[in-house]
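Encoded as structure tokens, the structure appears first; notes follow it.
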Amino acid sequence: ATRARFDQRHPLNIIHRSRELQWSRLSNLRELNVGTYCTDQFLAMISGGNGDTCTERSNERGDMMLPELERLGMSRSCHVAEEALLNLTTRDGSGRIRTNLRELDAAFCSNITYEAVIQFRTLLPNCLLRRLPEWMCGHTETPFGENDMGEVHTYWPDGTFSYNREHQSKGFVMRIDILGSDASHVSEKLQFIDLDTLERMPSWFRSGFRPSVSLLRLERDIGTAAQHVLVAQRKGGIKHLKFFPKKEQAQIVPLGSSRHFDLEGKCLNDDEVESSSQGRNFTLAMVSHMRKSKLQKEEHFSPLELVGEIASYLERTKETDEEIRIETARDTGFENTEDLVDGALSGIAALVETENDYRYNDNMVATPLNPDAPRSLRTNFGTI
12 ATRARFDQRH
22 PLNIIHRSRE
32 LQWSRLSNLR
42 ELNVGTYCTD
52 QFLAMISGGN
62 GDTCTERSNE
72 RGDMMLPELE
82 RLGMSRSCHV
92 AEEALLNLTT
102 RDGSGRIRTN
112 LRELDAAFCS
122 NITYEAVIQF
132 RTLLPNCLLR
142 RLPEWMCGHT
152 ETPFGENDMG
162 EVHTYWPDGT
172 FSYNREHQSK
182 GFVMRIDILG
192 SDASHVSEKL
202 QFIDLDTLER
212 MPSWFRSGFR
222 PSVSLLRLER
232 DIGTAAQHVL
242 VAQRKGGIKH
252 LKFFPKKEQA
262 QIVPLGSSRH
272 FDLEGKCLND
282 DEVESSSQGR
292 NFTLAMVSHM
302 RKSKLQKEEH
312 FSPLELVGEI
322 ASYLERTKET
332 DEEIRIETAR
342 DTGFENTEDL
352 VDGALSGIAA
362 LVETENDYRY
372 NDNMVATPLN
382 PDAPRSLRTN
392 FGTI
């Protein structure tokens with residue numbers, strides 16, 4: 012046998028306990044899709060461990076249950092710990108890597124961060140760690156750009172991305188989430204690593220600036236491998252829009268263009284968009300219709316130089332107050348930096364100009380020194 016897909020009636024957290032009975036005939040298995048039922052114990056088992064712990068072991072390669080396994084699918088196995096996955100990159104007592112894997116599909120596994128990508132590229136450079144489903148990967152022709160030069164946004168399976176523009180042009184997908192029950196309708200949260208235009212902003216603003224967009228997969232072009240997608244982003248904030256885009260909007264938004272909608276789904280003309288933008292509290296959805304071409308086989312691995320840049324960025328941010336949660340004035344109710352930035356961009360929140368207006372407790376939670384004082388935030392978009 013070279014392929015296997017598990018019946019959903021037999022979750023792995025039961026099967027792995029009787030591994031000799033279940034796996035003894037599968038030593039030549041090369042491809043396995045366990046779906047949502049992967050567990051930490053199963054990952055330990057296929058790497059030669061006993062399934063009871065994820066710590067480093069000295070087992071020889073002969074103890075591995077699936078020594079020839081090259082492709083493992085565990086998409087949507089949300090409970091798998093990153094530590095268990097990284098155990099695959101350790102070495103056995105003879106100094107050999109514990110796995111022959113060439114591709115590991117961990118899409119929609121919310122515990123698997125970009126830190127895992129860095130470790131896989133370092134220790135398992137021939138193994139593709141997939142954090143995005145296939146349809147989200149490729150070169151996307153956008154309606155944005157200047158001088159009639161359209162922007163192309165490239166996403167790689169591990170979540171690395173690069174845009175052909177000058178600023179806010181590269182980074183990684185922090186996480187993706189399915190919106191509702193349809194895996195073709197998702198949101199993605201982005202972390203840019205070149206935020207030069209925000210250098211003058213307080214660090215809490217820069218660290219909280221992680222915009223999210225919502226995507227809907229449409230049909231492919233007939234006779235081609237090109238994928239059509241609708242992309243929705245909030246105008247006036249960075250949070251994703253749960254109920255956008257909608258499939259019927261593909262008939263309203265021509266390919267290669269964008270249209271604005273109010274939250275009730277009405278398509279707005281330019282005058283209505285301008286009128287809505289005059290208010291301090293407004294939320295519009297900008298929906299774009301884009302074409303995405305597939306990556307070629309030799310493009311599946313993201314550029315190593317870019318992965319290195321992201322690794323350096325993550326190392327730097329560990330030394331800052333990136334994860335500070337900020338409590339704003341009593342009348343705003345925001346609890347974290349992303350809410351704060353979202354409020355700033357939408358004109359809802361009353362904010363401070365510098366971090367010196369906060370005091371921090373031992374848990375690095377910030378509280379305004381004078382909650383009743385009027386506050387504003389200077390951004391590149393003007394004073395809010």
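Going from the sequence shown to the working numbering is simple: count from 1 and add 11. Glycine included, C-beta positions come from ideal geometry on N, C-alpha and C. Here the structure is a predicted model, which is why all the values come from computation and not from measurement.
Under 8 Å by Cβ, that's how I've got residue i and residue j pegged, so tell me the actual separation to the nearest angstrom.
{"i": "Ala296", "j": "Ala243", "result": "5 Å"}
{"i": "Thr171", "j": "Ser38", "result": "Between Ser38 and Thr171 the Cβ distance is about 35 Å, and since that is not below 8 Å, they are no contact."}
{"i": "Leu99", "j": "Thr110", "result": "5 Å"}
{"i": "Cys148", "j": "Ser121", "result": "About 18 Å separates the two Cβ atoms, so there is no contact after all."}
{"i": "Leu229", "j": "Ala261", "result": "6 Å"}
Among the options, which one has its Cα closest to the Cα of residue i?
{"i": "Glu259", "options": "Val298, Pro78, Ser173", "result": "Val298"}
{"i": "Gly191", "options": "Gln262, Glu42, Gly161, Phe255", "result": "Phe255"}
{"i": "Lys250", "options": "Ser223, Ser268, Thr124", "result": "Ser223"}
{"i": "Tyr166", "options": "Arg141, Gly248, Leu135, Leu112", "result": "Arg141"}
{"i": "Lys303", "options": "Leu241, Asn137, Ile321", "result": "Leu241"}
{"i": "Ser323", "options": "Asn111, Gln52, Leu77, Tyr125", "result": "Tyr125"}
{"i": "Leu139", "options": "Asp193, Leu112, Glu283", "result": "Leu112"}
{"i": "Arg231", "options": "Met301, Asp273, Asn280", "result": "Met301"}
{"i": "Ala118", "options": "Gly161, Glu79, Glu93, Pro168", "result": "Pro168"}
{"i": "Ile321", "options": "Met76, Gln52, Met185", "result": "Met185"}
{"i": "Gly219", "options": "Glu316, Thr328, Tyr174, Glu275", "result": "Thr328"}
{"i": "Trp146", "options": "Pro265, Leu226, Asp51", "result": "Leu226"}
{"i": "Arg176", "options": "Ile189, Phe183, Met160", "result": "Met160"}
{"i": "Asp51", "options": "Gln307, Ile263, Glu93, Asn137", "result": "Glu93"}
{"i": "Gly276", "options": "Leu252, Glu285, Leu201", "result": "Leu252"}
{"i": "Leu40", "options": "Leu54, Leu80, Phe53", "result": "Leu80"}
{"i": "Leu315", "options": "Leu54, Phe53, Asp116, Asn137", "result": "Asn137"}
{"i": "Leu274", "options": "Glu152, Leu135, Gly156, Ser287", "result": "Ser287"}
By DSSP's criteria, residue i is part of a beta bridge. Which residues make up the other side?
{"i": "Ser268", "result": "According to DSSP, Ser268 bridges with nothing at all."}
{"i": "Arg186", "result": "Lys200"}
{"i": "Val224", "result": "Glu199"}
{"i": "Gly84", "result": "Asn44, Asp116"}
{"i": "Ile108", "result": "Arg102"}
{"i": "Gly170", "result": "For Gly170, which the question treats as bridged, DSSP gives no partner whatsoever."}
{"i": "Thr151", "result": "His164, Lys303"}
{"i": "His239", "result": "Arg302"}
{"i": "Ala296", "result": "Arg245, Phe272"}
{"i": "Cys138", "result": "Cys138 is not bridged to any residue."}
Could you name the residues of the same chain whose beta carbon sits closer than 6 Å to that of residue i, not counting the 5 residues immediately before and after it, in chain order?
{"i": "Gly267", "result": "Pro154"}
{"i": "Ile187", "result": "Val197, Glu199"}
{"i": "Leu206", "result": "Arg217"}
{"i": "Arg132", "result": "Val318"}
{"i": "His150", "result": "Val163, Thr165, Ser304"}
{"i": "Glu114", "result": "Arg82, Leu139"}
{"i": "Pro144", "result": "Ala118"}
{"i": "Val128", "result": "Leu140, Asp169"}
{"i": "Val284", "result": "His271"}
For residue i, collect the residues of the same chain with a Cβ closer than 7 Å to its Cβ; drop the 5 residues on either side in sequence, then sort them by chain order.
{"i": "Asp353", "result": "Gly248, Ile249, Lys250"}
{"i": "Ser269", "result": "Pro154, Met297, Val298, Ser299"}
Sorted by chain position, which residues of the same chain lie with C-beta nearer than 8 Å to residue i's C-beta, five sequence neighbours on each side aside?
{"i": "Arg102", "result": "Ile108, Arg109"}
Three Cβ pairs or more, each shorter than 8 Å: is that satisfied between the region 84 to 103 and the region 40 to 53? yes
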